[in-house]
Each structure stands twice: as structure tokens, then as C-alpha cells.
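Chemist: First to last, the protein sequences are chains P and X.
Reading the first sequence from the start, the letters are residues 1 to 79 in this note's numbering.
Reading the second sequence from the start, the letters are residues 1 to 647 in this note's numbering.
Would you mind keeping the following structure in view while I ask a few things?
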Amino acid sequence: MSVRIADGVIWLDGRCLVEDAETLLLAIQQDSEAPVDIAGVQRLHLAVLQVLLVLKPKLRGTASNAFLARHIFSHFDFG
Amino acid sequence: MDELLEQFLIEGRDLIAQATRDFSALLRDPQSSAAIDSAFRAMHTLKGSVGLFAMQPAELVLHGAETMLGEARKGTTALDAGHIATLIACLDQTDRWIDEIEEAGELSAQASVIAEGLLVRLAPAGPAFSPDSAGKTSGHVDWLGALRVREADVLAASGQPLTAFRYTPDSECFFRGDDPLAIVAAVPELATLAVLPRDGQWPDAESIEPFACVSILEGLSAAPLEKVSAAFRLMPDQVICASLDPIGEQGLDQAPERRLGENRMLRVDPARVDALGGALGELLVAVNGMAPLAEQAERLDRGLAGQIRAIQADLERVTGSLRRTVSAVRSVELEPTLRRLPRLVREIAEGLGKSVEFTIAGQGIEIDKQIADGLFEPLLHLVRNAVDHGIELPERRAVAGKSPAGTVSLNLGRDGDTVVVQLADDGAGIDIARIKAIAVERGLVSAEETDALTDASARRLIFAPGFSTAATVTQVSGRGVGMDAVQAAVEALRGTIDVESTPGHGTIFRLRLPASTLTTRLLIIEVGGERYGVALDQVVETVGIESSHLRPIGGGIVCVLHGRTVPVLDLASLLGGEARATPQVKLLVTEAGGAPVALRVDGFAQRIDTQVRPRSGMLAAIPGVIGSTLLGDGTVLLVLDLPELAA
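Structure follows, in C-alpha cells:
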């Protein structure tokens with residue numbers, strides 16, 4: 001499971017594939033205040049990224065994947 | 001003409017030129033407050049000026065443009081590429097209206113309708129001002145402009161050309177198992193990436209459909225276009241790539257600010273400057289008389305000869321400096337000559353359904369007024385030709401993997417005493433097989449002759465009178481004025497024109513023109529017991545070879561120079577005299593029709609800097625003569641036109 005909710009935080013881990021988009025969408029809709037921790041993401045499907053772009057949840061953590069850190073998450077506000 | 005109107009036509013066009021420069025600067029840096037301020041002032045002043053004439057639609061449009069710039073100035077609105085395109089459209093229209101006022105004294109009946117259209121685009125509530133319009137791309141035309149704006153920092157920091165890509169995955173692609181992000185992650189040397197909403201804004205949180213792709217991915221890569229295209233080889237129809245030159249437009253950035261104290265400049269009747277040039281020419285002739293005098297004195301008294309030579313050197317130094325000063329007075333910036341080109345390119349491209357990015361670099365160089373005046377027509381024709389015949393329609397460009405917008409760039413520069421004008425397009429290039437076929441069809445050459453032609457010579461067929469490559473003669477390029485007229489106009493300015501082309505990649509026309517027409521560097525040659533002058537800028541080189549190296553071929557004679565076979569003509573025979581056989585052959589190499597031709601002469605004498613009078617009276621009837629000049633001893637020297645004689 002790449003999307004998991006624990007301690008009021010939505011954790012993204014490993015390979016976030018297309019089917020994770022819906023799970024993430026539901027998770028954020030359930031608790032729009034919950035931060036999304038992206039430190040463990042190794043791969044991010046565009047469908048999952050679209051959910052983050054549209055719902056704009058609070059993000060935290062630093063992506064260890066260089067492509068994601070440089071080209072994707074650098075455009076988000078971490079607050 | 002009414003003096004007030006006359007003044008307005010000059011000042012109004014100056015303001016348009018100023019605003020054009022400012023908008024060019026804004027296209028690269030939409031936040032440049034200096035450019036916003038300057039454009040605001042130009043629009044404001046222009047609005048005041050048009051108010052004095054029956055130009056109410058222009059006044060309304062300029063008011064709208066001024067308001068938009070005013071908002072940007074206050075920081076209420078950040079300008080984006082869409083806003084700037086609207087402002088440029090307003091400026092172009094005002095320029096057209098100024099033309100109408102000049103020609104007809106009033107605006108056409110459509111003016112108010114056109115103005116309304118522009119006002120809608122300018123309206124604060126209209127689409128041009130919606131905050132998401134930067135990402136919204138109604139057509140393919142402006143994505144590059146928006147990207148240039150968005151990634152200005154990356155472009156500025158990169159010292160090398162970058163490849164831009166725009167990948168629009170279809171909305172069903174997730175169902176097919178595509179992950180556009182993974183595809184983009186594989187783009188080599190990715191410099192920057194932006195994930196943008198396809199419809200200009202992201203859907204609402206409530207209406208998001210997680211398995212529909214609603215994104216566009218745009219980015220820049222330091223890898224060449226082929227490698228970037230290769231990363232998208234599985235979805236060629238969803239990707240557009242384009243090469244961006246980060247330093248290609250720096251010339252526009254450096255558009256000089258108006259010099260302080262410009263109002264203190266003198267306005268001088270050009271006739272007086274011409275008189276000054278005439279007197280200088282006579283002075284040069286007199287100074288040229290010193291060298292033979294010193295030679296004569298040498299035989300009588302070496303000390304006296306030395307003194308004469310010393311005075312000669314002084315006189316040459318002073319007249320040289322005077323010549324440069326007078327040339328500078330006669331020099332004008334090319335910029336006013338060229339300021340209409342960008343608008344004309346936009347109009348021509350629009351009429352043909354093409355999108356073209358036109359850039360000019362080096363327009364600040366100064367050249368002789370006569371050359372500047374004579375350059376506009378041939379240049380306009382070349383630019384039209386590039387947009388009409390060079391740049392392909394957007395669909396065809398997309399098939400070829402090019403960006404839908406073609407680029408046409410005009411570069412101007414000085415090379416010593418020569419002005420080099422280069423016009424390059426990234427269009428289809430010249431199809432040599434087609435050129436040959438058309439030339440044969442029009443009876444310009446025979447099929448056998450075309451087989452023997454090199455590619456370079458075949459390309460020059462486009463300059464032959466009666467040649468026109470358009471399958472359908474379009475309204476733009478028109479009938480009757482072909483590239484032969486361009487060549488004739490350039491040659492009338494004592495210039496040359498060359499063409500290079502790579503099929504599929506574009507065409508470059510290169511014009512070389514003398515920077516000054518005031519004086520001409522002449523080489524004096526001896527032929528058939530007479531002395532003649534030839535302009536040094538027509539001489540490629542002078543060589544001496546053994547007569548045994550001349551070889552008869554067909555009906556003519558050739559020799560090999562730098563590994564190239566060059567036809568040799570006898571200048572004495574061309575001038576109606578007798579050819580002489582000597583063991584040592586002196587050759588003067590010139591260029592005729594783009595290829596070198598050697599002319600056999602008897603000897604070379606000194607070089608002089610003098611004023612050539614255009615041929616008139618009896619001389620006008622002699623072919624192959626440019627004009628005449630006076631030598632220091634009072635004799636008249638005929639100045640030959642080498643390309644004409646060699647043609």
C-alpha cells in the first residue's frame with residue numbers, strides 16, 4: 001500500500017501508481033487538514049501528482065528521488 | 001501637408017518604434033519595470049498625439065493599452081505573454097492607422113469595429129486578464145512565448161541552446177497504462193519541467209476525476225532536439241519540440257536608450273553634406289597626385305623627394321581622418337529603415353495562416369544613408385519570400401518535428417568596410433531538384449546544363465530573371481518581382497548576395513554591402529596599354545601564375561586556384577582590345593553570379609582611395625563601366641564593373 005494514513009498524516013511510500021490516485025483523493029477529502037508526507041516516494045504517477053496539484057494539501061518531508069525533488073516538489077509550498 | 005500632421009507622422013512613428021523595443025524587452029522579461037515605464041510613457045504620449053486628429057478609435061485603444069501598462073506599473077497585474085501579445089496588436093493597429101491618416105487623411109470605416117475587438121482583448125474582465133491565462137494556450141502559437149517568460153531565469157542562465165518540449169497527453173492515457181511523468185523523467189538533460197493544467201486551470205476539488213489526465217507537461221532540456229524528440233518517440237502526435245537559443249535575441253536587449261542631449265543635434269540639409277563629400281573627393285584626388293610627384297622628384301633630388309613623401313604621409317593621414325568624419329556624418333542608423341519589418345512580418349504571416357517569430361539583431365549599426373535607403377526594398381522582398389516560401393504551414397512543420405512557429409532572423413553587422421546582412425529562416429530549405437526542374441521548364445537552362453551544376457550554382461538559379469518557385473503565385477510575393485529584382489537592387493548598391501540552404505532546415509541569404517559610398521578603394525590595373533580602376537571590394541584576390549597552367553577547355557580557358565577550376569577571361573579582349581601572350585600571367589579574381597572568375601590583366605599598379613563619379617553622358621552607354629575618377633595628374637580613370645564584364 002503506497003498511501004497510508006497514520007497519526008493524522010497521509011504517508012506516500014515507494015511507488016505511487018495510477019490506482020493510488022483515488023486512494024489519495026479519498027484520504028485528503030476525508031481529512032483536508034492532514035499533511036501529506038512525501039519523503040518516502042520513489043516514483044509518482046502523474047495521476048497522483050494531479051490530485052496533489054488540485055487539492056493542494058499541506059506537504060512535508062524531502063523527496064529522496066532526485067527527479068521528484070528537483071522538478072516536481074520544488075514547485076510546491078511546504079508549510 | 002499640414003505641418004502639425006507632418007510632425008505627428010514623424011513623432012508618432014518614433015513612439016511606435018520606442019514601444020516596439022519596449023515590448024520586445026518585455027517578451028523576454030515581462031517584469032522589467034524600465035520597459036513597462038518606457039512603454040507606458042510612449043503609449044501615453046501617443047494617445048495625446050492621436051487626440052489631435054480624427055483618430056478616436058486609436059485614442060480608445062491606446063487608452064486601454066495605457067491602462068493595462070499602468071496596472072502592471074502599479075503591480076496590480078503581472079504582465080504575461082498574452083498581455084504583451086495584445087499590447088503589440090494594439091501598437092500594430094495604431095501604426096496601420098497612422099499609415100491610413102497619412103494616405104487618406106482619415107481612418108477607414110472599419111476602424112471602430114477593429115478598435116472594439118482590441119478593447120475586448122484589453123478589458124480587465126476579459127480573458128486577457130484572467131490570472132490563469134499564462135498557462136492557457138488557445139493555439140500552439142504562444143506556448144513558446146509563455147514558456148520563455150516562465151523559464152526566463154533558466155534560459156538566461158544557460159549558455160547554450162535549449163530544447164523546449166510541450167507534451168499534451170490525451171485524457172484517456174492513464175487507462176492505457178501511460179505515465180506521462182515517467183516519460184518526461186526519461187528526457188535527457190532535463191533542465192526544467194512544469195506540469196500545467198490543460199484547460200488553463202485545474203478542476204475544482206469536487207469535480208476532479210482521478211483517472212483522467214488533465215495536465216500538459218512543458219519543459220526545457222539541454223539535449224539537442226533529436227534526442228528530446230526520441231524520448232517521446234511513442235507519442236509523436238502529442239509532443240511539440242522547439243530549439244531555443246538563449247542568447248539569440250540579446251541584440252534587442254541592448255537597444256540603446258535615447259541619448260541625452262539629442263535635441264542639441266543639428267539638422268542639416270543633406271545637400272550640404274553631399275557638397276562636403278564632393279569637396280572631400282576633390283581633396284583626395286589632389287592628395288593622390290602626391291605619389292607620382294614624389295616619384296618624379298626622386299629622379300632629380302632624393303632629399304626633396306623625401307620631404308614630399310613626408311608631406312604626402314601627413315596629408316593622407318589628415319584626409320583619411322576627414323573622410324571618416326564625413327562618412328560618419330552621412331551615416332544613419334539602420335533601425336528606422338527596419339522598424340516596419342516586424343509588423344509587416346506579422347501581417348504577412350497572418351495572411352498566410354503561418355506563425356512566425358521574427359527577430360532583428362544589430363539594427364543599431366550605422367551605414368551610409370544611400371545604402372540604408374536602398375536596402376529596405378530588397379530586404380522586405382527577402383523577408384516576404386522567407387515567410388511565404390521558406391516557412392512551412394504549422395501542420396507541415398509539426399509533421400517534420402519542428403515547432404509550429406517558424407523563425408526568421410535578421411542579423412546585421414560590420415565586417416571592416418562591409419556591412420553584412422544575414423536573413424535566416426528555419427523553413428523547408430531550397431529543394432534543388434525542384435529548382436532545376438523549374439529552371440528547365442521556364443527555359444532558363446537546358447536539362448544537360450543542370451546536371452553539371454553544383455548545388456550552390458543550382459541554388460543561384462532563383463536569381464535568374466523569370467524564375468518564381470511558388471506553385472501558386474501568392475498575393476504576398478506577387479508576380480513580376482522575383483529574386484532577380486533583389487539581386488539587381490543589391491548590385492545597384494555595389495553589394496553581393498549569396499544563398500545557402502539545407503533542405504528541411506532552412507535557408508540563409510547573406511548580403512554584403514559597402515558601408516560607405518563616399519569614397520571607394522580602387523586598385524589601378526593595366527590592360528592593353530591603358531590604365532583602369534577596379535573597386536577593391538569587387539576583387540577577391542590577385543594572383544600570378546605561369547601561362548603553362550592555363551588549360552583550354554571547350555571554347556574557353558580555365559586554371560585551377562585553391563583546388564577549384566576557375567574560368568579565365570582576357571580583360572583586354574573583353575574591352576575590345578587584343579589579347580597578349582606572356583609567360584607570366586597576372587589574374588584578377590572576381591565573383592560573377594556567385595562563382596569566381598579570373599580576369600587576365602597586364603599588370604597591377606597602386607591602390608588609391610578616391611571618389612568615383614557615376615557614369616553619365618557618353619560613359620553611360622559603355623557597358624562594364626561603373627563610373628570614372630580623376631587621377632592626381634588630371635587624367636580620367638575609367639572604373640570597371642568586374643562582375644558585369646565577367647558575367
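Every residue, glycine too, gets a C-beta built ideally from N, C-alpha and C.
1) X/VAL214 and X/PRO203 - do their beta-carbons sit closer together than 8 angstroms?
2) Does any residue of chain X have a CB that is nearer than 8 angstroms to the CB of P/PHE78?
3) Give, in chain order, every residue of the stretch 55–77 of chain P whose Cβ lies closer than 8 angstroms to some Cβ of chain X.
4) Is X/GLY75 near X/SER49, with beta carbons less than 8 angstroms apart?
5) For X/LEU196, collect the residues of the same chain with a Cβ closer than 8 angstroms to its Cβ; drop the 5 residues on either side in sequence, then sort them by chain order.
6) Along chain P, which residues have their Cβ under 9 angstroms away from the Cβ of X/LEU190?
7) Could you tell me which residues DSSP puts in a beta bridge with X/ARG121?
8) In chain order, what residues of the same chain lie with their CB nearer than 6 angstroms to the CB of X/ALA592, ignoring the 5 residues before and after it?
9) Listed from N- to C-terminal order along the chain, which residues in the stretch 208–234 of chain X have their beta-carbon within a distance smaller than 7 angstroms of any beta-carbon of chain P?
10) Using 8 angstroms as the limit for Cβ to Cβ distance, is P/GLU22 near chain X?
11) So, at 6 angstroms on beta carbons, what are the nonlocal neighbours of P/ILE10 in its own chain, with the 5 sequence-adjacent residues on each side left out?
12) In or out: X/THR192 buried (at least 16 other Cβ within 10 Å) or exposed?
13) Going by DSSP in three states, X/GLY145 sits in which element: helix, strand or coil?
14) Tell me which same chain residues have a C-beta within less than 8 angstroms of the C-beta of X/GLY504, skipping the five on either side of it?
15) Taking X/GLY51 and X/ALA286 to be in contact with their CB atoms under 8 angstroms, please state how far apart those CB atoms are, rounded to whole angstroms.
16) The alpha helix (DSSP H) that contains X/VAL326, what's its start and end?
17) Is it a yes or a no for the stretch 205–214 of chain X touching the stretch 63–77 of chain P, going by three-plus beta-carbon pairs under 8 angstroms?
18) Give a yes or no on whether 8 angstroms exceeds the smallest Cβ distance from P/GLN42 to chain X.
19) DSSP three-state call for X/LYS227: helix, strand or coil?
20) X/PRO614: buried (16+ other C-beta within 10 angstroms of its C-beta) or exposed?
21) Less than 8 angstroms between the C-beta atoms of X/LEU423 and X/GLN363, yes or no?
22) So with Cβ pairs under 8 angstroms, would you call X/LEU252 a contact of chain P?
23) On the DSSP bridge list, what partners appear for X/ASN411?
24) How about X/ASP425 and X/GLY482: are their beta carbons less than 8 angstroms apart?
25) Anything in chain P within Cβ reach of X/VAL187, meaning under 8 angstroms, just list it in chain order.
26) Going by DSSP, name the residue or residues bridged to X/GLU298.
27) By a C-beta neighbour count over all protein chains shown, 10 Å radius and 16 as the cutoff for buried, is X/ASP301 buried or exposed?
28) Just to check my reading of the structure: X/GLY528 and X/LEU569 have Cβ atoms closer than 8 angstroms, yes? What is that Cβ distance to the nearest angstrom?
29) Would the beta-carbon of X/VAL558 fall within 8 angstroms of that of X/PRO378?
30) Taking C-alpha atoms, which residue in X/GLU546, X/PHE604 and X/LEU550 lies nearest to X/PRO583?
31) Establish whether the CB of P/LEU49 and some CB of chain X are separated by less than 8 angstroms.
32) Here's a check: name, in chain order, each residue in its chain whose Cβ is nearer than 6 angstroms to the Cβ of X/ASP455, leaving out the five neighbours to either side.
33) Does the stretch 16–31 of chain X come into contact with the stretch 88–97 of chain X, if we say contact requires no fewer than three beta-carbon pairs (one atom in each stretch) closer than 8 angstroms?
34) Quick check: the Cα distance between X/ASP274 and X/VAL421, rounded to an integer number of angstroms?
35) How would you list, in chain order, the residues of chain P whose beta-carbon sits under 7 angstroms from the beta-carbon of X/PHE165?
36) If we define contact as Cβ-Cβ less than 8 angstroms, is P/LEU12 a contact residue for chain X?
Modeler: The answer reads as follows:
1) yes
2) no
3) LEU55, PHE67, HIS71, ILE72 and HIS75
4) no
5) GLY135, SER215, ILE216, LEU217 and GLU218
6) PHE67, ARG70 and HIS71
7) According to DSSP, X/ARG121 bridges with nothing at all.
8) PRO643, ALA646 and ALA647
9) ILE208, PRO210, PHE211, CYS213, VAL214 and SER215
10) yes
11) ALA27, ALA34 and VAL36
12) buried
13) helix
14) ALA400, ALA428 and GLY429
15) That belief does not hold up - the Cβ atoms of X/GLY51 and X/ALA286 are roughly 57 angstroms apart, past 8 angstroms.
16) 302–330
17) no
18) no
19) helix
20) exposed
21) no
22) Its pLDDT being 35, under 50, X/LEU252 is placed unreliably in this model, and the coordinates cannot settle the point.
23) X/ALA361 and X/GLN422
24) no
25) None at all; the shortest Cβ gap to chain P is about 10 angstroms.
26) X/GLU298 pairs with nothing; no bridge assigned.
27) exposed
28) Between X/LEU569 and X/GLY528 the Cβ distance is about 14 angstroms, and since that is not below 8 angstroms, they are no contact.
29) no
30) X/GLU546
31) yes
32) ILE432
33) yes
34) 26 angstroms
35) Per Cβ cutoff of 7 angstroms: no residues; X/PHE165 is ~13 angstroms from chain P at best.
36) no
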